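Just so we're on the same page, the working numbering is the position in the sequence shown counted from 1, plus 95. Just so you know, even glycine gets a beta-carbon here, dropped at the ideal spot from N, CA and C. Computed from a predicted structure; not experimentally measured. Worksheet: the structure to be examined is printed underneath.
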Amino acid sequence: MGRTDFNESLKPMKKTGFIFDLDGVIVDTAKYHYLAWRKLANELGFEFTQEQNELFKGVSRKRCLEILLEIGGIKATQQQFNSWLVEKNEDYLSLIEKMDESEVLPDVQKVLQFLKKHNMPLGLGSASKNARPILEKVKLMDYFDTIVDGTQVTKAKPDPEVFLLAAAQMGIAPRECTVFEDAVAGIEAANNAGMLSIGIGDKKVLSEAKFVFADFTEMGDQFLSRLIGQTP
Ligand code: B16
Ligand code: MG
96 MGRTDFNESL KPMKKTGFIF DLDGVIVDTA KYHYLAWRKL ANELGFEFTQ EQNELFKGVS
156 RKRCLEILLE IGGIKATQQQ FNSWLVEKNE DYLSLIEKMD ESEVLPDVQK VLQFLKKHNM
216 PLGLGSASKN ARPILEKVKL MDYFDTIVDG TQVTKAKPDP EVFLLAAAQM GIAPRECTVF
276 EDAVAGIEAA NNAGMLSIGI GDKKVLSEAK FVFADFTEMG DQFLSRLIGQ TP
């Protein structure tokens, strides 16, 4: 698919539903997930690097632990596996306890406000089971008409389930939805859902996204206007 050139981005796109991933798009919780996973890895006697943490983005907690144990070459009983999942989440929760709105990534509110001003339904589509408390902490809950999180889906990204459910709850056809995502698996999920995928991050990594922006500060009103089918 690749990145579309700027001229194409100037055509009105008329998207009517907007779905945001959470970790890596709205807030940078990846650093806290990393610290909690690294602590567990160290306790189990091996290192866990920032590069390896890239594999965990957009991936469910359970799958992350499976990958971590593969990295460490550790076989776990079901009981150990479950207790490590709990331990990691408790460590993660204590790391995010003091999160507040200062941790919202740059210009996220600007984009949310622009879309709200134009009466666009907004959804959250996250693999995280902690999505709701995080949105409360950073005071963004009220922007969202629909929240689909890791407690409601059975199939992980790149399966489109999380985004299709969000679209269904908003009452909008998938082809009329746009997804903002930072993870390769999330971009694939959006594409698999038949939605417009917008990558937030490195365009080399997110090469399957229709458009890629390093962050929301790069996304001007002109692009946003085209996205909702208006000429600025
Ligand atoms: P939790 P997203 C994902 O959130 C994270 O990117 C991923 O690293 C994490 O393992 C997953 O949530 C589960 O999170 O342990 O809080 O349930 O990017 O889909 O918003
Ligand atoms: Mg993410």
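With the cut-off set at 9 Å, would you say residue i and residue j are in Cβ contact?
i	j	result
V206	F311	yes
A226	L117	yes
P188	L160	According to the sequence as given, residue 188 is Leu; it is not Pro. No, the pair does not count as a contact, with Cβ atoms beyond the cut-off.
K152	A278	yes
A262	M236	no
I323	F308	no
F275	F115	yes
K212	Y238	no
V233	I121	yes
L190	F176	no
G112	G245	no
K183	W132	yes
Q264	T241	yes
D202	L135	no
F258	A280	no
Residue i bridges to which residues according to DSSP?
i	result
T273	F113 and L291
D118	V122
L217	F113
F308	I295
T246	None, per the DSSP bridge assignment.
P199	The residue asked about is misnamed: residue 199 is Val in this sequence, not Pro. For V199, which the question treats as bridged, DSSP gives the partners V122.
T241	G218
Just tell me which of the options has its CA closest to the CA of residue i.
i	options	result
L139	A171, F209 and F115	A171
I169	G315, D240, E149 and E142	E142
L260	I295, K224, R270 and G220	G220
E146	M108, I166, T246 and D186	I166
I282	P255, P269 and Q264	P255
S223	S155, D202 and K232	S155
A304	M215, G315, D195 and P253	P253
K157	I229, A251 and E198	A251
S302	D316, G315, E313 and N286	N286
G315	Q208, I229 and P228	Q208
E231	N214, V257, E198 and V248	E198
I267	D195, T249 and M215	M215
D195	P228, G119 and T144	P228
G119	Q173, N148 and T144	N148
Below 8 Å on the Cβ atoms is my contact criterion, and I expect residue i with residue j to pass it. Report the Cβ-Cβ distance as a whole number of Å.
i	j	result
C272	K110	7 Å
L200	D123	6 Å
R270	M108	With 8 Å as the limit, R270 and M108 do not qualify as a contact, their Cβ atoms being about 11 Å apart.
Report task. Could you name the residues whose beta carbon sits closer than 5 Å to any heavy atom belonging to the ligand B16, keeping them in chain order? Result -> Here the list is D116, L117, D118, H128, F151, K152, G153, R156, C159, S221, A222, S223, K224, N225 and G245.
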